[in-house]
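Protein chains in written order, with our numbering: chain A, 220 to 553; chain B, 220 to 553.
We put the CB at the ideal spot given by N, CA and C, even for glycine.
Protein chains: 2
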Amino acid sequence: MKPVTLSTAFITALSTLTATTVIATPRQEPITPIAPVRITEPAKVELGKQLFFDPRLSMSGVISCNTCHNLAFGGTDNLKTSVGHKWQAGPVNSPTVFNASYGLAQFWDGRAADLQEQAQGPIQANVEMAMPHNLAIEVIQSIPGYRKQFEAIYGDKNVSLNNLTDAIAEFEETLITPNSRFDQWLLGDNDAISVAERKGYELFKSSGCIACHNGPAVGGTMYQKMGLFGAYKSSSPSQGRFDVTGIEADRYQFKVPTLRNVELTYPYFHDGEAETLGEAVDLMGRLQLGRTFKETEINQIVAFLSTLTGERPDIDLPHLPASGINTHRPEPFK
Amino acid sequence: MKPVTLSTAFITALSTLTATTVIATPRQEPITPIAPVRITEPAKVELGKQLFFDPRLSMSGVISCNTCHNLAFGGTDNLKTSVGHKWQAGPVNSPTVFNASYGLAQFWDGRAADLQEQAQGPIQANVEMAMPHNLAIEVIQSIPGYRKQFEAIYGDKNVSLNNLTDAIAEFEETLITPNSRFDQWLLGDNDAISVAERKGYELFKSSGCIACHNGPAVGGTMYQKMGLFGAYKSSSPSQGRFDVTGIEADRYQFKVPTLRNVELTYPYFHDGEAETLGEAVDLMGRLQLGRTFKETEINQIVAFLSTLTGERPDIDLPHLPASGINTHRPEPFK
């Protein structure tokens, strides 16, 4: 560990602290703490929040971003696969939007470079919101309360897909969950996690989980083949990166998901087939590490994973601006 | 107007007020102001809010109370009729939950006595959330974070339908929208509404709208037949009170809806057939008052109605407790 040089002012400040305050050296680990968010463009974040919660971005007027990435849950819908337009089933499990900004790319197959590009997909996808982009833009543009905000923020009366998704992405970048118990431990609070949880973390490292699940999001930094030690049988039609690149080596390569808040983001895997964390850890051991975890080991790792639950942001439900007299009305049953 | 006797203390207080403060006599009108809510049981309100936003009360895990009574909108979904389980269309338009506690009964046909009784209906209704009550209770009971709250609030480890709907109703009672411009005017602020809006209100009274739309909610105090001056042709199968009582005189009698926030609660009528306020006012004039409003009159009444938009409560999106390991999982596609 690096020695820390303390300034005189800092030492003076220390003397005023109570006995319960933790003073310690941050740990150097392959998992790093999540930094609290700093909002630099509050008006844009507010606009993005409104759009995130607005079901008028869907053809039916029922489905919003929040339907499948529910911020009242762990940023997902806790379903195997989501329910989309006209009750269609999605092909893969909805990943959490919390800490999604840490991903090297977006979607399980990484087909969008960033959150802004990602936001375009579900609006138009027929099995999700089924709203042609031009109609989505027309609807938002026709709502006086939105037009005003777009003009103030982007200096343009005309709503564009670019600005619309930029605002959504700006909001989503605020959806991070700092201050988990594990982060407190990383920052030097030895008592923030229990002995069993600590053992689980050591096993998580020594058994190789950490090779893919690392960094601030405990995942999201790479693609990995689902099924290194034997084929993974899935109900999902997705072939991962292969669907994007057409390269044989990319078949069944999926983005490694974040494990932040993983106790809240059940069910697991791209197909949502694992209902519990225990099942997921067991299968990962066998399929990705060629190792059968004992039950006590699974319990330890699951205990560690529960320390990754951070503070979800407090979200004031937005007051969405009313439709204008000429706003195209939703057509749920057409 | 009644003369007002001012106490010495009040007169002393007056002398300290700034010039912009409005001092006036409250108006005596058939519409009365909405009083701000006083929360006496915050823990119960919080629990009710969680349940209101929790889609696990539906069989699919997708539909919550907030889906059709969207608090980000005007307490409704702004659809002609709602989208329910497996994308079924509801038979009537979802009424707003804002100020619903003022209603003499709940639902368009008044089949529930109060908010608590109302809350039972949609959970189990096949075209809405399609969740048998016993399963809904089992699910909530199986969620540790809920069990704890129910025990603390009701002193009972076992979740009951009665307590579950009591908590939802307690939350819904906080969903009122005070301090509309019209209320400010009622309370004596002459400048809170414009001359045109005032004219609209005078016309609203003189033409007879006020006969049904009165009281603090500007409606909700009685049933009325839809179609007094000629039959109303509707796409809806609902026959109003008749469906509840079987009494011939009750056929097409519907609860008079609140006009609070009516500019946000489009489309209008029990069948959602009127898309705009102008259409609604026009039809009400002809069908209920035997009178054809001129366009300028319609505009005046619509202008008045826009003064009824109050302050929607600020809602912190709840952090819903995670399902337990044995919680029955949603079955959207079964």
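Query, Result
"Per-residue burial, Gln-337 of chain A [other beta carbons within 10 Å of its own, 16 or more giving buried]", "buried"
"Span separating the alpha-carbon of Phe-292 of chain B from that of Arg-531 of chain B", "9 angstroms"
"Own chain, CB closer than 7 angstroms to Pro-255 of chain B, minus 5 neighbours either side, in chain order", "Pro-397"
"Buried or exposed by the 16-neighbour rule on C-beta atoms within 10 Å, applied to Leu-341 of chain B", "Note that residue 341 of chain B is Pro in the sequence shown here, rather than Leu. That one is buried."
"As assigned by DSSP and simplified to three states, the class of Val-302 of chain B", "strand"
"Exposure label - Gly-509 of chain A; buried when at least 16 CB within 10 Å", "exposed"
"Under 7 angstroms by beta carbon: chain B residues contacting Phe-292 of chain A", "Leu-539"
"Under 7 angstroms by beta carbon: chain A residues contacting Arg-531 of chain B", "His-538"
"Extent of the continuous beta strand (DSSP E) to which Lys-444 of chain A belongs", "442-444"
"First through last residue of the alpha helix (DSSP H) which encompasses Lys-474 of chain B", "Segment 472-474 is the beta strand (DSSP E) holding Lys-474 of chain B; no alpha helix (DSSP H) there."
"Cβ-Cβ separation, Val-475 of chain A to Glu-562 of chain A (assumed contact under 8 angstroms), whole Å", "Outside the shown range of chain A (220 to 553) lies residue 562 of chain A, about which nothing can therefore be said."
"Contacts that Asp-535 of chain B makes with chain A (C-beta to C-beta distance below 9 angstroms)", "Asp-533, Ile-534, Asp-535, Leu-536"
"Endpoints, the alpha helix (DSSP H) within which Leu-478 of chain B is located", "Counting along the chain, Leu-478 of chain B falls outside any alpha helix (DSSP H), and DSSP gives it neither H nor E."
"Pairwise C-alpha distance: Gln-269 of chain B and Thr-224 of chain B", "Residue placement at Thr-224 of chain B is poorly supported in this model, since its pLDDT is 42, which falls under 50; the coordinates are not used for a value here."
"Length-filtered (4 minimum) alpha helix (DSSP H) runs lying within the stretch 315-348 of chain B", "334-343"
"Length of the line joining the Cα atoms of Tyr-487 of chain A and Gln-360 of chain B", "23 angstroms"
"Environment of Gln-507 of chain B [buried if 16+ CB atoms lie within 10 Å]", "buried"
"Alpha-carbon to alpha-carbon, Phe-473 of chain B and Val-500 of chain B", "17 angstroms"
"Option in B:Ser-277, B:Phe-271, B:Arg-275 with minimal Cα separation from Cys-284 of chain B", "B:Phe-271"
"C-beta atoms of Ile-520 of chain A and Gly-419 of chain A nearer than 8 angstroms", "yes"
"Beta-bridge partners of Tyr-487 of chain A, as assigned by DSSP", "A:Ala-493"
"Three-state class that DSSP yields for Asp-606 of chain B in the structure shown", "In the structure as shown, chain B begins at 220 and stops at 553. Residue 606 of chain B is therefore absent and cannot be evaluated."
"Within-8 angstroms CB hit, Pro-341 of chain B to chain A", "no"
"Given 8 angstroms, three or more beta-carbon pairs between the stretch 477-484 of chain A and the stretch 426-444 of chain A", "yes"
"Outcome for Leu-312 of chain A when other beta-carbon atoms lying within 10 angstroms are tallied against a minimum of 16", "Here residue 312 of chain A turns out to be Asn, not Leu, going by the sequence shown. So Asn-312 of chain A ends up on the buried side."
"Coarse secondary structure for Phe-229 of chain A, derived from DSSP in three states", "With a pLDDT of only 42 at Phe-229 of chain A, under 50, the local geometry of the prediction cannot be trusted, and the value read off the model is given with reservation. Helix, per DSSP."
"The stretch 301-313 of chain A: positions lying closer than 7 angstroms to chain B by Cβ", "Val-302, Lys-305, Trp-306, Ala-308"
"Sub-8 angstroms separation of Val-281 of chain A and Pro-540 of chain A beta-carbons", "no"
"Buried versus exposed, by CB contacts within 10 Å (16 or more), Leu-536 of chain A", "buried"
"Coarse secondary structure for Ala-499 of chain A, derived from DSSP in three states", "helix"
"DSSP three-state assignment for Gly-459 of chain B, whether helix, strand or coil", "strand"
"Thr-393 of chain B: contacting residues in chain A (beta-carbon distance under 8 angstroms)", "Ordered by position in chain A, no residue passes the 8 angstroms Cβ test against Thr-393 of chain B, which lies about 13 angstroms from the chain."
"Thr-235 of chain B in three-state terms, based on DSSP", "Per-residue confidence for Thr-235 of chain B stands at a pLDDT of 43, beneath the threshold of 50, marking its modelled position as unreliable; the derived number appears in the next sentence. If DSSP states are grouped into helix, strand and coil, Thr-235 of chain B belongs with coil."
"Which of helix, strand or coil DSSP assigns to Asp-408 of chain A", "coil"
"Extent of the continuous alpha helix (DSSP H) run through Val-358 of chain B", "352-360"
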